[in-house]
Amino acid sequence: MREPVRSTRITGWGMHAPELVLTNADLARIVDTSDEWIISRTGIRERRVAGPDETAASMAAIAGRRAIAVAGLEPDDIDLIVVATLTPDHLTPSTATLVREAIGNTRAAAMDLNAACSGFVYGYVTAHAFIKGRLARHVLVIGSDLLTRFLDYDDRTTCVLFGDGAGAVVLSASPEPSGAHGIEIAAEPAGAYKLWIPAGGSRRPASPESVARGEHYLRMDGPDVYRYATRAIAATARTAIERARLRRDDIDLFIPHQANSRIIEAVARGLHVPMERMFVNLDRYGNTSAASIPIALAEAVDSGRVAVGDRLLVVAFGAGFTAGAVAFEWAADPAAGGRAAAIDASSVAVRRAADWQPPNPLPAKLAALLAASSPAAPDGAGPDDASHNPVEAAR
Ligand code: COA
């Protein structure tokens, strides 16, 4: 007889950040901005940029393999793969099907989920529901986004904010009773066109005109998004905490979506929570959209900020508008995070179309910046040479 599912818990976690580092000073060379403006308005110092051969699927697969290793599982133990992304490799097939093959899984169901920057929290809740409904025992939930390819490097109000990366967790069924657990997910469609990419979908398929008008780039009303974010994060967090039958003071660590340190500080003030209990790593990654919470979670656990029995709150907001929060008790041994080191990024490969060779996918201005920053490779320099990271090497 199968044991009863009494709760779900995170058993594995992992992340992948591309190697290329783009600093505020680098950006100031192509757009009218400054390190001082970006740091004072956002807290961001640098972000990662996926190289020409990296995609949402390749980053997701590396983070996913690491989470599976940390959980002490084999790829085929996973029953369902959910990839939260708004920057899939293609409109179809789903990024999740590419990830399934790349991680060496032969049996899982696989699907993408688009709830923008709230995608990881929506994915976590989906996984929780599948497990509680006995449709899955181990679910791999991945947030992977590659927004640097969808930014207009002439628009200083958006191009400084985002970076690339992926983070993942394995959520597993447990016969143990659940500790505190509370969920809230929400949507507010009045904000639909406050943060959006106009073209490339069925309302406006790609055309020479849509490209010429820059309609494939992210557009944002920053101040309106800011107002929504501070309100939605606080309200969503409060509801999830209440549903877990906890009080704010019971939460040991808040892991908010890493969009802007001013938003996180405003939420901390509104919730009367000291900043020491807010995890912040956006200074090094910028806003990585659906990847931001699982990357932050992995870094929080691996840096010793989380112990067994701690109560955590993850809370996100994003385009849509969407928002979501989960309050839960941490049950896994943080030391297991060390197992992620066994997964080398170069060992994970994603299938490509045999008869189609895309050109360099980086936006021209970004590609030119990276190329200009790269000193001519000395004779015989291979991919392991420091010049392989052009921006880093140019410092
Ligand atoms: N460098 C220099 N100046 C910039 C700039 C940049 N990167 N971006 C905007 N500015 C300028 C504006 O042009 C404006 O100049 P003006 O007064 O001469 O017109 C001025 O700074 C103020 O612009 P504003 O948009 O009012 O700034 P702000 O204080 O609201 O900060 C954001 C802008 C984007 C940082 C802020 O609105 C924000 O964080 N919004 C939320 C964004 C977000 O989180 N998005 C992702 C959601 S998942």
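Going by the numbering used here, the sequence shown opens with residue 780, and the numbers climb by one from there.
All residues carry an ideal CB built from backbone N, CA and C; glycine is no exception.
Is any non-hydrogen atom of ligand 1 found closer than 8 Å to the C-beta of residue i, if you look at the structure I gave you?
i     : result
D805  : no
I1072 : no
G919  : In the sequence as presented, Gly is not what sits at residue 919; that position holds Leu. L919: no, Cβ never under 8 Å from ligand 1.
P968  : no
S923  : no
A1104 : no
V900  : no
N1066 : yes
I817  : yes
Y1005 : yes
M890  : no
R935  : yes
T1015 : no
T821  : yes
D811  : yes
P1002 : yes
N893  : no
A1008 : yes
A1128 : no
I1042 : yes
From what residue to what residue does the beta strand (DSSP E) around residue i run?
i     : result
M838  : It is not in any beta strand (DSSP E) - M838 instead sits in the alpha helix (DSSP H) that spans A835 to V849.
E963  : H960 to A966
P1035 : L1032 to P1035
A1102 : T1101 to E1108
L1092 : R1090 to G1097
I860  : L859 to A863
R788  : S786 to H795
L892  : A888 to L892
V800  : L799 to T802
E825  : E825 to V828
Between which two residues does the alpha helix (DSSP H) holding residue i run?
i     : result
L918  : Note that residue 918 is Val in the sequence shown here, rather than Leu. Per DSSP, V918 belongs to no alpha helix (DSSP H); it is in the beta strand (DSSP E), H917 to L925.
T1009 : G1001 to R1022
H907  : G898 to K911
L950  : That residue, L950, is in no alpha helix (DSSP H); its beta strand (DSSP E) goes D943 to S953.
S819  : D814 to T821
T871  : First-last for T871: undefined, no H or E at that position.
Verify whether the separation of the beta carbon atoms of residue i and residue j is less than 9 Å.
i     : j     : result
H795  : G944  : yes
H917  : A895  : no
L1145 : D1089 : no
K973  : A1095 : no
A938  : L806  : The residue you asked about is not Ala; residue 938 is Cys in the sequence shown. For C938 and L806, yes; Cβs fall inside 9 Å.
V810  : D934  : yes
A875  : V862  : yes
I882  : A840  : yes
L852  : V949  : yes
A1016 : V1059 : no
I1042 : G946  : no
I976  : E988  : no
A1115 : L1092 : no
V1127 : S873  : no
P1113 : G1083 : yes
A966  : A1102 : yes
H1051 : R1022 : no
A887  : I910  : no
A889  : F1100 : no
T787  : S1040 : no
G843  : G912  : no
A1147 : G791  : no
E825  : P797  : no
V900  : A1143 : no
Nearest to residue i by alpha carbon, out of the options?
i     : options                       : result
A1014 : A1069, T864, P1113 and I964   : I964
E1108 : T1067, I962 and G980          : I962
G1001 : L940, N1060 and I1122         : L940
P867  : N1139, R1056, G898 and Q1136  : G898
V800  : M890, R1063 and I818          : R1063
I818  : P831, A804 and R827           : A804
E955  : A1119, A1147, A1151 and P783  : P783
A1150 : R1131, F929 and R808          : R808
P854  : I1122, W1135, A1132 and N1139 : I1122
R827  : L1061, A1128 and Q1136        : L1061
F929  : A1120, R824 and A978          : A978
R915  : T790, A1086, L877 and L859    : First, the residue type needs correcting, since residue 915 is Ala and not Arg in the sequence shown. Looking at the Cα atoms, L859 is the closest of the given residues.
L1025 : T787, R1131, S786 and A959    : A959
L997  : R1048, N1039, M1057 and T936  : T936
A1008 : P1138, A1038, L877 and S813   : A1038
A735  : V1004, L870, D832 and A846    : Absent from the structure is residue 735, since the part of the chain shown begins at 780 and ends at 1174.
V1004 : P968, P1053 and G942          : P968
A1132 : R845, T812, P831 and L877     : L877
T927  : V1085, A1011, N884 and L865   : L865
A1124 : G942, R845 and R785           : R845
Can residue i be considered in contact with ligand 2, in the sense that its beta carbon sits closer than 8 Å to one or more heavy atoms?
i     : result
F1096 : The ligand content of the structure shown is limited to ligand 1, which means ligand 2 is not among them.
TODO: Count the C-beta pairs between the region 898-907 and the region 1078-1085 that are closer than 8 Å, then say yes if the count reaches three, no if not.
DONE: no
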